[in-house]
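> Before anything else, here's the structure in question.
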Amino acid sequence: MPSMGDSKPRTPVTRASVPTPYIDHDDAIVMIGPTAMTRIACLDAALELGVRPIQASWENASKVVTTVRPLVIVAEERSGLTPEELTDMAVSVGAQLVVTGPVDVGPALAERVKLAGRAARVLRNKPVRNT
13 MPSMGDSKPR TPVTRASVPT PYIDHDDAIV MIGPTAMTRI ACLDAALELG
63 VRPIQASWEN ASKVVTTVRP LVIVAEERSG LTPEELTDMA VSVGAQLVVT
113 GPVDVGPALA ERVKLAGRAA RVLRNKPVRN T
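As structure tokens, then:
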């Protein structure tokens with residue numbers, strides 16, 4: 013934007029991106045159509061594992077999962093996808109699948125997601141962060 017007395021437009025100043033040391037491209041947890049309790053449990057697990065929590069809707073779940081290639085996919089039992097479709101989606105990207113039910117809440121669900129994340133890292137030959 014030109015300023016007073018300048019005849020040339022100025023280019024905006026851009027900042028270089030800041031590297032994030034603990035997150036790889038595929039270090040993520042994808043929550044498909046989560047309830048509030050499922051989101052809280054997944055955020056707890058994501059913080060402990062050092063991964064990105066990503067929320068997806070049922071409509072764009074397959075696109076998000078194939079793009080992100082997460083460690084864990086968390087889906088509600090009553091969902092828009094069949095169990096076979098969920099399993100196929102997880103297997104196709106090498107993710108662990110956690111299907112939640114009405115009794116899976118809070119710390120129990122967070123622990124299941126953490127264990128699934130650690131298992132996925134072992135299967136992908138990635139170092140496991142001990143916390």
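Residue numbers for the sequence shown follow our numbering, beginning at 13 and rising by one.
Glycine is no exception: its CB is placed at the ideal position from the N, C-alpha and C atoms.
Remember, predicted model here, so these are calculated numbers, not experimental data.
(1) Going straight from the alpha carbon of residue 36 to that of residue 105, what length do you get?
(2) Considering only the beta carbon of each residue, do residue 136 and residue 98 sit closer than 9 Å?
(3) To test your reading of the DSSP string, which unbroken alpha helix (DSSP H) runs of 4 or more residues are found completely within the stretch 84-119?
(4) Identify whether residue 42 lies in helix, strand or coil by the three-state DSSP scheme.
(5) With C-beta atoms as the reference, is residue 85 less than 9 Å away from residue 107?
(6) Can you name the residues that DSSP bridges to residue 65?
(7) Going by DSSP in three states, residue 71 sits in which element: helix, strand or coil?
(8) Alpha carbon to alpha carbon, what distance is there between residue 66 and residue 126?
(9) Could you check whether residue 77 and residue 43 sit closer than 9 Å to each other, using their CB atoms as the reference points?
(10) If you check the beta carbons only, do residue 113 and residue 89 fall under 9 Å apart?
(11) Does DSSP put residue 79 in a helix, a strand or coil?
(12) Determine the direct distance from the alpha carbon of residue 22 to that of residue 69, and round the result to whole angstroms.
(13) Rounded C-beta distance between residue 53 and residue 121? I'm assuming under 8 Å.
By the coordinates alone:
(1) Unreliable positioning characterises residue 36 in this predicted model, as indicated by a pLDDT of 49, which lies under 50. The coordinate reading is nonetheless provided below. Taking the Cα positions, residue 36 is about 15 Å away from residue 105.
(2) No, these two residues do not count as a Cβ contact at 9 Å.
(3) Taking only runs of at least 4 residues, the alpha helix (DSSP H) segments lying wholly in the stretch 84-119 are 95-105.
(4) If DSSP states are grouped into helix, strand and coil, residue 42 belongs with the strands.
(5) Cβ distance < 9 Å, so residue 85 and residue 107 count as in contact.
(6) In DSSP, residue 65 forms a bridge with 41.
(7) Three-state DSSP puts residue 71 in coil, outside helix and strand.
(8) As the crow flies, the alpha-carbon of residue 126 is around 15 Å from that of residue 66.
(9) Contact: no.
(10) In this structure, residue 113 places its C-beta atom within 9 Å of the C-beta atom of residue 89.
(11) Taken through DSSP and simplified to helix, strand or coil, residue 79 comes out as helix.
(12) In a straight line, the C-alpha of residue 69 is about 41 Å away from that of residue 22.
(13) Beta-carbon to beta-carbon, residue 53 and residue 121 are separated by about 4 Å, close enough to satisfy the 8 Å threshold.
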